[in-house]
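This report refers to the structure that appears directly beneath it.
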């Protein structure tokens with residue numbers, strides 16, 4: 104019985120096969136100049152060479168931007184297991200409601216996420232950038248042994264607080280608190296805080312939220328930030 108073809112290759116089969124990776128029988132010889140031209144042509148991110156660096160003299164703008172885009176933040180937030188007894192929250196020195204603000208990010212409620220962060224930590228943006236999360240909240244994440252790794256809690260915190268910063272919303276007192284004119288006379292007393300470091304800034308924030316109106320922070324140096332700024336612990340300027 105004669106063999107009969109029951110299928111037929113399309114006419115452009117050679118073109119389709121050319122798309123498959125091939126084993127090169129020899130090395131590719133391309134000059135460095137040609138490679139540089141091609142790299143500049145196809146480059147998608149910004150150039151980070153020394154020739155593009157700008158002077159940082161008298162420039163205190165934040166140069167460490169968030170490592171998470173909105174799409175990446177939403178994807179990272181949806182990975183969170185929302186553990187009932189979340190070990191990340193037990194490992195946080197500022198006792199942030201991490202599960203709550205990650206849930207808000209997953210629901211695209213960035214204002215709610217920032218409110219949960221700043222309610223417990225007035226320096227939420229700074230901590231999101233420099234906090235050693237690998238030894239704290241991230242170190243206790245139940246997804247640490249998974250293929251994709253633990254949740255990027257610091258990146259999510261920085262993303263939410265940076266979005267809130269761009270909203271440019273003024274800070275207000277809790278409407279549930281008594282009006283300022285109904286507070287006891289002790290709330291008008293002078294309060295002095297020595298050293299404009301994270302502790303004084305946080306303390307002044309909490310006192311102002313309660314209704315204290317006469318707060319003064321004394322700093323002997325010409326900049327704020329405390330010992331971190333004085334010792335140069337952080338090379339890049341950070342928002343406070």
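Residue numbers (my numbering): 104 to 343. For glycine and all other residues, C-beta sits at the position ideal for the given N, C-alpha and C.
{"Query": "Is there contact between the stretch 276–294 and the stretch 220–235, where contact requires at least three CB pairs shorter than 8 Å?", "Result": "no"}
{"Query": "Count the other C-beta atoms from every protein chain shown that fall within 10 angstroms of the C-beta of residue 265, then say buried if there are 16 or more, exposed otherwise.", "Result": "buried"}
{"Query": "Let me know if residue 118 comes out buried or exposed under the rule of 16 or more other beta-carbons within 10 Å of its beta-carbon.", "Result": "exposed"}
{"Query": "Can you say whether residue 221 is buried or exposed, counting buried as having 16 or more other CB atoms within 10 angstroms of its CB?", "Result": "buried"}
{"Query": "Let's see if you can read the secondary structure: which residues bound the beta strand (DSSP E) around residue 321?", "Result": "318–321"}
{"Query": "What is the residue span of the beta strand (DSSP E) that residue 56 lies within?", "Result": "In this structure the chain extends from 104 to 343, so residue 56 is not present and cannot be described."}
{"Query": "Below 8 Å, can you find three or more Cβ-Cβ pairs linking the stretch 314–329 to the stretch 288–303?", "Result": "yes"}
{"Query": "According to DSSP, is residue 170 part of a helix, a strand, or is it coil?", "Result": "coil"}
{"Query": "Where does residue 336 sit, in a helix, a strand or coil, going by DSSP?", "Result": "Confidence in residue 336 is poor, its pLDDT being 44 and thus under 50, which makes the residue's placement unreliable; the coordinate value appears in the next sentence. DSSP places residue 336 in coil when its eight states are reduced to three."}
{"Query": "Report all residues from its chain with a CB closer than 8 Å to the CB of residue 306; omit the five preceding and five following residues, and keep chain order.", "Result": "296"}
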